[in-house]
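Colleague:
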Amino acid sequence: MAAAALQTNIRPATFRVRGLTKQSLAPCRVRCAAASPGKKRYNITLLPGDGIGPEVISIAKNVLQQAGSLEGVEFSFREMAIGGAALDLVGVPLPEETISAAKESDAVLLGAIGGYKWDNNEKHLRPEKGLLQLRAGLKVFANLRPATVLPQLVDASTLKREVAEGVDLMVVRELTGGIYFGEPRGIKTNENGEEVGFNTEVYAAHEIDRIARVAFETARKRRGKLCSVDKANVLDASILWRKRVTALASEYPDVELSHMYVDNAAMQLVRDPKQFDTIVTNNIFGDILSDEASMITGSIGMLPSASLSDSGPGLFEPIHGSAPDIAGQDKANPLATILSAAMLLKYGLGEEKAAKRIEDAVLAALNKGFRTGDIYSAGTKLVGCKEMGEEVLKSVDSQVPASV
Ligand SMILES: NC(=O)c1ccc[n+]([C@@H]2O[C@H](COP(=O)([O-])OP(=O)(O)OC[C@H]3O[C@@H](n4cnc5c(N)ncnc54)[C@H](O)[C@@H]3O)[C@@H](O)[C@H]2O)c1
Ligand SMILES: CC(C)[C@H](C(=O)O)[C@@H](O)C(=O)O
Ligand SMILES: [Mg+2]
Numbered sequence: 050m051a052a053a054a055l056q057t058n059i060r061p062a063t064f065r066v067r068g069l070t071k072q073s074l075a076p077c078r079v080r081c082a083a084a085s086p087g088k089k090r091y092n093i094t095l096l097p098g099d100g101i102g103p104e105v106i107s108i109a110k111n112v113l114q115q116a117g118s119l120e121g122v123e124f125s126f127r128e129m130a131i132g133g134a135a136l137d138l139v140g141v142p143l144p145e146e147t148i149s150a151a152k153e154s155d156a157v158l159l160g161a162i163g164g165y166k167w168d169n170n171e172k173h174l175r176p177e178k179g180l181l182q183l184r185a186g187l188k189v190f191a192n193l194r195p196a197t198v199l200p201q202l203v204d205a206s207t208l209k210r211e212v213a214e215g216v217d218l219m220v221v222r223e224l225t226g227g228i229y230f231g232e233p234r235g236i237k238t239n240e241n242g243e244e245v246g247f248n249t250e251v252y253a254a255h256e257i258d259r260i261a262r263v264a265f266e267t268a269r270k271r272r273g274k275l276c277s278v279d280k281a282n283v284l285d286a287s288i289l290w291r292k293r294v295t296a297l298a299s300e301y302p303d304v305e306l307s308h309m310y311v312d313n314a315a316m317q318l319v320r321d322p323k324q325f326d327t328i329v330t331n332n333i334f335g336d337i338l339s340d341e342a343s344m345i346t347g348s349i350g351m352l353p354s355a356s357l358s359d360s361g362p363g364l365f366e367p368i369h370g371s372a373p374d375i376a377g378q379d380k381a382n383p384l385a386t387i388l389s390a391a392m393l394l395k396y397g398l399g400e401e402k403a404a405k406r407i408e409d410a411v412l413a414a415l416n417k418g419f420r421t422g423d424i425y426s427a428g429t430k431l432v433g434c435k436e437m438g439e440e441v442l443k444s445v446d447s448q449v450p451a452s453v
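Following this line, the structure appears as structure tokens:
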């Protein structure tokens, strides 16, 4: 009953994923079967989730399908429940059927989870728990969050034009460790009868090494600058983090490594964001700094992300949440999710041409002046979530063949 209730648009899986290479995080290679002649076929798990999640996912799905079809790529979509939607359906935030489907697919595209309705649930019955279980279950330890100020959106930034213009940085966030998962944790009553809440920031050397390698490789393919952000002046876990990252630097002589305390990094991001190329940091600092970086680009509604493991499907999601304040009002900016679909093609499937089609279509829609409310500025055309999606779709259609 649960499986039937959770699934829509189900098609059977027809192939397996071989996975990402550890060293280079090259796109995973997929063995294809049962596609039309000359076509490649991939299975995608869609997790719309809550709030604006379903609104932005239905748009991103259409864009993905269209860009793929122009490049000889077919998709089978399987929609599954997660977060509050899953709690309402079957009483848990990550049903067994959902994690199984995600593991069997070639890539996972998620909208967002969470909402007021479930805010007072016990912690194991919160939508957020489902997302954390999904990330842990897929072992997606490397979360890439690019923040790029597009020339079309410089005026949407809250920073001055000369500060925001040309910003192009990548936050590499460790995603399956640190204080989010560390034990012991909990709320207990101490000897004075007072309640005490506690969590543990913990990193093993191998967890630091593998995320640092991803970051060095990422920096190497970008502008060759890596800034490791920690709190090594206070936290033991950060002292080890800095030691391990420093030790790896000799393997990447072409990458210039620097270190920065997180409080300074938060300040430098708004003072002079152009100083950053690639930032590597732990789970919680990456969560906070990426939201901060998103505003430099104009809106949190613009930032996509890719979460990758050593092998198996990647998870692709906008960095924003379910935005309950605007859910159901056709106000959400779908571009972060559309650009997450482009990251899915590029990092998850190695379909760079189809990815480029989506990126170009987003730029084309912006060039035509279309803006959702969060990125609106005088002289541009205010549209809703659906219309922005339709404009991106039209731009995908009207493109000449993409060159990568
Ligand atoms: N990955 C996720 O699914 C994820 C991420 C962050 C927060 N959450 C959850 O989402 C819920 C709301 O959290 P929050 O309010 O702190 O963060 P949020 O990101 O949902 O919203 C913060 C602000 O940004 C706006 N916003 C977010 N996305 C937007 C978009 N695409 N277009 C236009 N405006 C957008 C919202 O309207 C709101 O004013 C909570 O339950 C939280 O736990 C989920
Ligand atoms: C919803 C929450 C668990 C999540 C996080 O903290 O990782 C979110 O803020 C994010 O950035 O994806
Ligand atoms: Mg966050």
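First residue of the sequence shown? That's 50 in our numbering, and the numbers climb one at a time after it. Glycine is no exception: its CB is placed at the ideal position from the N, C-alpha and C atoms.
1. Using the C-alpha atoms, what's the distance from L357 back to K270?
2. Counting only runs of 3+ residues fully inside the segment 172-236, write out the beta strand (DSSP E) ranges in chain order.
3. Helix, strand or coil for I131, going by three-state DSSP, please let me know.
4. Hey, could you find the ends of the beta strand (DSSP E) T327 is sitting in?
5. Measure how close the beta-carbons of G350 and D423 come, nearest whole angstrom, since I'm counting them as under 8 Å.
6. Kindly confirm or deny that the segment 129-137 and the segment 85-103 touch, where touching means at least three C-beta pairs closer than 8 Å.
7. Measuring straight from C-alpha to C-alpha, what distance separates P176 and D303?
8. List in chain order: all unbroken beta strand (DSSP E) runs of 3+ residues lying wholly within the segment 257-307.
9. Can you grab the Cα-Cα spacing for the pair G433 / G215, in whole Å?
10. If contacts are defined as beta-carbon pairs under 8 Å, then T364 and V189 qualify, I think. What distance do you get, rounded to the angstrom?
11. Thinking just about the alpha-carbon of each residue, which of E250, V319, E305 and K274 is nearest to the one in I288?
12. Thinking C-alpha only, which one of P362, S206, A376 and P322 is nearest M344?
13. For L95, write down the residues that DSSP places opposite it in a beta bridge.
14. In whole angstroms, give me the CA-to-CA distance for A51 and G140.
15. According to DSSP, S356 sits in a beta bridge with which residue or residues?
16. With a threshold of 8 Å on Cβ separation, who are the neighbours of G186 within its own chain once the five nearest residues in sequence on each side are excluded?
17. Under three-state DSSP, which class holds L431?
18. From the DSSP output, in three-state form, read off K245 for me.
19. What's the C-alpha gap between D12 and M392?
20. Does the beta-carbon distance from I108 to P383 come in below 8 Å?
Modeller: Put simply:
1. Taking the first residue of the sequence shown as 1, we reach residue 270 at position 221. Taking the first residue of the sequence shown as 1, we reach residue 357 at position 308. Taking the straight line joining both Cα atoms gives about 17 Å.
2. 191-197 and 217-223
3. Residue 131 sits at position 82 when you count from the first residue of the sequence shown. Reduced to three states, the DSSP call for I131 is coil.
4. Your numbering for residue 327 matches position 278 in the sequence shown. Taken as a continuous stretch (DSSP letters only), the beta strand (DSSP E) holding T327 covers T327 to T330.
5. In the sequence shown, counting from the first residue as 1, residue 350 sits at position 301. In the sequence shown, counting from the first residue as 1, residue 423 sits at position 374. That belief holds up - the Cβ atoms of G350 and D423 are roughly 5 Å apart, short of 8 Å.
6. yes
7. Counting from 1 along the sequence shown, the entry for residue 176 is found at position 127. Counting from 1 along the sequence shown, the entry for residue 303 is found at position 254. Their backbone Cα atoms lie some 42 Å apart in a straight line.
8. 274-279
9. Position 384 of the sequence shown, counted from the first residue, corresponds to residue 433. Position 166 of the sequence shown, counted from the first residue, corresponds to residue 215. Cα to Cα, G433 sits roughly 27 Å from G215.
10. Counting from 1 along the sequence shown, the entry for residue 364 is found at position 315. Counting from 1 along the sequence shown, the entry for residue 189 is found at position 140. Correcting the residue type first, residue 364 is Leu in the shown sequence and not Thr. L364 to V189, Cβ: 5 Å. Contact.
11. Here residue 288 is taken as the residue at index 239 of the sequence shown, counted from 1. Out of E250, V319, E305 and K274, E250 has the C-alpha closest to the C-alpha of I288.
12. On the sequence shown, position 295 is the one that residue 344 refers to. The shortest Cα separation from M344 among P362, S206, A376 and P322 belongs to S206.
13. Locating residue 95 in the sequence shown gives position 46, where the first residue counts as 1. DSSP, once it has assigned bridges, lists E128 and L158 as partnering L95.
14. Position 2 of the sequence shown, counted from the first residue, corresponds to residue 51. Position 91 of the sequence shown, counted from the first residue, corresponds to residue 140. Legend: pLDDT at A51 = 34, less than 50; position of this residue unreliable, no value from coordinates given.
15. Against the sequence shown, residue 356 aligns to sequence position 307. S356 is bridged to N192 and L364.
16. To locate residue 186, count along the sequence shown from 1; it is residue 137. L143, I148, A151 and K152, listed in sequence order.
17. Indexing the sequence shown from 1 puts residue 431 at position 382. Correct three-state label for L431: strand.
18. Looking up residue 245 in the sequence shown gives position 196. Looking at the sequence provided, one finds Val at residue 245 rather than Lys. Strand.
19. Nothing can be reported for residue 12, as the shown portion of the chain is limited to 50 through 453.
20. The residue you call residue 108 lines up with position 59 of the sequence shown. The residue you call residue 383 lines up with position 334 of the sequence shown. In contact: I108 and P383 (Cβ atoms closer than 8 Å).
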